[in-house]
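Written below as structure tokens is the structure these notes are about.
In the working numbering, the protein residues as written are 46 to 304.
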């Protein structure tokens, strides 16, 4: 199978490309601008599938721009879908975010539970609508909060707990569902190979964490006392399940800040 890959140089892309190559896929990974429709036409021509990992999400202490990310999710996804349809590409595997499952956290949320787009996630909500409406087999892989190589996430958590002024957001009871980028890359391949047509899948660690527990783990690794609560919320609580993806034979190999 020949696959066009958008965003091959990002954290998820750098984890996906070598695994997909090892699995025997023929990859096209040109650094194509997803906002350039003409370039996309050339990239996807003759391909059987496309994997869209293009983002400009700001990393902790790193690059990225939310406004550019909004354009990539909205305009870029629309461009790619049009190019795929015109070229006869049958399957699109689209990166999305499990943070959209923030309507409730009384139990781990599944793919058919409500999603909400808010703030910088509004464009992810719109992007999913574009994929669902397109006349091809669009499969969504909603990743949890990325950590692992290239994300700087663990380093950021450790810096936070070492900062005596840092406070855990709220009362520390909000949920977060992380996913290691290598596990996410494996999830993309699983969904490409065995996923149901036009379906959504959540890729996350086996167990969501409350912020209090997450920062307790970070503090233990840093050798400092756990921070106090009372900080400002940066992300709405989201608690999700990976059961649907595990039913395809995938399972996470990592756990965030494993004690």
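We treat Cβ as the ideally placed atom computed from N, Cα and C, and that holds for glycine.
| said: Taking a contact to mean a Cβ-Cβ separation below 9 Å, would you say residue 91 touches residue 102 in this structure? | reply: no
| Segment limits, beta strand (DSSP E) that includes residue 58 | Segment 56-67 is the alpha helix (DSSP H) holding residue 58; no beta strand (DSSP E) there.
| message | Going by DSSP in three states, residue 188 sits in which element: helix, strand or coil? | response | strand
| query | Below 9 Å between beta carbons: does that hold for residue 206 and residue 141? | reply | no
| message | For a test of the three-state rule: what should DSSP assign to residue 102, helix, strand or coil? | response | coil
| query | Taking the alpha-carbon positions, what's the residue 201 to residue 274 distance? | reply | 17 Å
| query | Using the C-alpha atoms, what's the distance from residue 122 back to residue 175? | reply | 7 Å
| field | Residue ranges of each beta strand (DSSP E) within the segment 199-283, 3 or longer | value | 223-225, 245-248 and 274-276
| query | Roughly how far, in whole angstroms, is the beta-carbon of residue 223 from the beta-carbon of residue 190, given that I think they are within contact range, below 8 Å? | reply | 5 Å
| field | Close Cβ partners of residue 230 (< 7 Å) along its chain, the five nearest in sequence each way excluded | value | 57, 60, 61 and 64
| In three-state terms, what does DSSP make of residue 300? | coil
| query | Which one of 69, 194 and 133 has the shortest CA to CA distance from residue 238? | reply | 69
| message | With a threshold of 8 Å on Cβ separation, who are the neighbours of residue 55 within its own chain once the five nearest residues in sequence on each side are excluded? | response | 98, 99, 100 and 195
| task | Enumerate in chain order the residues of its own chain whose CB-to-CB distance from residue 74 is below 7 Å, with the five nearest sequence positions on each side excluded. | result | 50, 53 and 62
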